[in-house]
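**Q** Mind looking over this structure? Questions follow.
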Amino acid sequence: MPSEFLPNKSRQVEFSLFGFQYEITLVLYVPKENKAVILLCTIDDKGEIDGAINKPNIILDYNNTKGGVDTVDQICASYSTQRITRRWPLAVFFRILDIAGINSQIIFNNTQLLEKTPRRRKYLSELSVSLIEGHMKERAKINTLPKDIREFLSQWRVLKEEHNAENQNRNACSGFETR
423 MPSEFLPNKS
433 RQVEFSLFGF
443 QYEITLVLYV
453 PKENKAVILL
463 CTIDDKGEID
473 GAINKPNIIL
483 DYNNTKGGVD
493 TVDQICASYS
503 TQRITRRWPL
513 AVFFRILDIA
523 GINSQIIFNN
533 TQLLEKTPRR
543 RKYLSELSVS
553 LIEGHMKERA
563 KINTLPKDIR
573 EFLSQWRVLK
583 EEHNAENQNR
593 NACSGFETR
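Those letters in the sequence shown? Residues 423 to 601, per the numbering used here, in order.
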């Protein structure tokens, strides 16, 4: 971060400073004495200030949309995929899964003509089963599957459905008698 954006107690209230680089805008705004707000923006590249309240438009846009961020955080906290980890890529992956789950539920609720939308936990459970169902069916076709995996798949009725369909297609060879 440029040294001009570092904390400085000598700045006046309602002071604004903009920094531009390529498609990124960095804005510093001092709302109160000894307080500074620094935001990075990739949408607004003009650095305009609203004349009526003397605040940068980037700050105003952030204040108008931060309720959505708080709502997403609240929904993620109610039922999350996050686990304790020291690996930051895994933490980012868990967060992406949470947000993808919220987005898919919003799309699902808006496209379905249901009187009552499913709760988040039930929706995520059904979503996860539907995502792995195809893989489980392919896995159940393996003849040399270990017993514990075969038992697990039978709990999900995947193995039973596959074997029933396979047994219906079997016929005795024409050269041999059946007992």
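We treat Cβ as the ideally placed atom computed from N, Cα and C, and that holds for glycine. Owing to the predicted nature of the structure, the values given are computational and were not obtained by experimental measurement.
1) Of all the options Ser425, Asn479, Ala513 and Lys468, which has the alpha carbon lying nearest to the alpha carbon of Ile446?
2) Considering just the uninterrupted stretch of the alpha helix (DSSP H) at Tyr484, what are its terminal residues?
3) When DSSP labels each residue in this structure, what does Thr539 get in the three-state scheme?
4) Report the three-state DSSP secondary structure of Asp570 (helix, strand or coil).
5) Going by C-alpha to C-alpha distance, which of Ser502, Lys569 and Glu573 sits closest to Lys544?
6) Going by Cα to Cα distance, which pick from Ala458, Asn531, Thr507 and Glu436 is closest to Asn476?
7) Are the region 439-458 and the region 488-496 touching by the rule of at least three beta carbon pairs closer than 8 angstroms?
8) Using DSSP's beta-bridge definition, name the partner residues of Thr447.
9) Per DSSP, what are the beta-bridge partners of Asp520 in this structure?
**A** If we stick to the structure as given:
1) As a position in the sequence shown, residue 446 is number 24, starting the count at 1. Minimum Cα distance to Ile446 is reached at Lys468.
2) Taking the first residue of the sequence shown as position 1, residue 484 is located at position 62. Asn479 to Ser500 is the extent of the alpha helix (DSSP H) around Tyr484.
3) In the sequence shown, residue 539 corresponds to position 117, counting from 1. Three-state result, Thr539: coil.
4) By one-based count along the sequence shown, residue 570 stands at place 148. Helix.
5) Here the question's residue 544 lines up with position 122 in the sequence shown. Answer by Cα proximity: Ser502.
6) Taking the sequence shown and counting its residues from 1, the one referred to as residue 476 is at position 54. It is Glu436.
7) no
8) Translated into positions along the sequence shown, residue 447 becomes position 25. DSSP lists Phe442 and Cys463 as partners of Thr447.
9) What you label residue 520 is simply residue 98 of the sequence shown in a count that begins at 1. Asp520 is not bridged to any residue.
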